[in-house]
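Reviewing the structure listed below.
Numbering (the UniProt record's numbering), first residue to last: 1 to 255.
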């Protein structure tokens, strides 16, 4: 049965080629990995044209299904709502790794990537015909395309994840909206963070939605009593989220 390397029942198992914690049969060299990614990109240039009927209208299977897009919200007069962020390796069109800042949003039915990040990765684009809705069912207007993104967690390089991400001008404003109190980082000194700069306001390149959420959450968690935040373990590392006291936080909503 498939399992993550930290949960392997065979103690002391090491790859004979790279000496990492996986079976030798699972080893993939950088050249092999790049070849696989180039093949994925090649196939994505000619997506299948199988038609399906959705809501009485025809849609090709080359497009993601019609779904709703959930906006990110930060608002409170006395507390800062901390949304989960990470820095993950995403492959560009040539199979090279790029560090992409992501927002993890289990409330979004689609994954989204910013225009700037999509240009940086130079991935093939395809028309997106689905309906995107933000807060209060507000339509997100304008021409939209989607790209196929390939993500490889640093701790599990052989576990490649792929998602069809809709390209939008921007994901959200800088997250968090203000620098978090230093006490928050003090509570996390022994954890491998998915985003080492999680406490500093930074723009986001990509949003990972519910299509990948069940595949990246490991189930481990830790409560941070002093800041009232929670750290959850993902395949990218530990991600911090929740609410912490900060009377100086302005009221803001990011679409």
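Beta carbons are placed, not taken as given, at the ideal position from N, Cα and C, and that holds for glycine.
Report task. State yes or no: is the C-beta of residue 100 within less than 9 angstroms of the C-beta of residue 90? Result -> yes
Requested in this report: Grab me the residues of residue 210's own chain with a C-beta within less than 6 angstroms of its C-beta, minus the 5 sequence neighbours each way, in chain order.
Outcome: 106, 109
Query raised in the report: In this structure, does DSSP put residue 170 in helix, strand or coil?
Result: coil
**Report entry** Spatial distance of residue 166 from residue 98 (CA atoms)
**Finding:** 18 angstroms
Query raised in the report: What separation, rounded to the nearest whole angstrom, lies between the Cα atoms of residue 145 and residue 172?
Result: 18 angstroms
Report task. Using 10 angstroms around the beta-carbon of residue 176, count the other beta-carbons present and answer buried if the total reaches 16, otherwise exposed. Result -> buried
Query - residue 215 - DSSP class collapsed to helix/strand/coil - result: helix
Requested in this report: Consult DSSP for residue 93 and reduce its assignment to one of helix, strand or coil.
Outcome: coil
Requested in this report: For residue 189, count neighbouring Cβ atoms within 10 angstroms of its own Cβ and tell me buried if that reaches 16, exposed if not.
Outcome: exposed
Requested in this report: If I'm right that residue 256 touches residue 83 with Cβ under 8 angstroms, what's the distance once you round it to whole angstroms?
Outcome: Past the edges of the chain, shown from 1 to 255, lies residue 256, and the structure says nothing about it.
Query raised in the report: Which residue or residues does DSSP assign as beta-bridge partners of residue 164?
Result: 148
Query raised in the report: To which residues of the same chain is residue 180 closer than 6 angstroms at the C-beta, ignoring the five residues directly before and after it?
Result: 199
Query raised in the report: Closest by CA to residue 127, which one among 225, 147, 214, 186?
Result: 147
Query raised in the report: Which partner residues of residue 139 appear in the DSSP bridge assignment?
Result: 133
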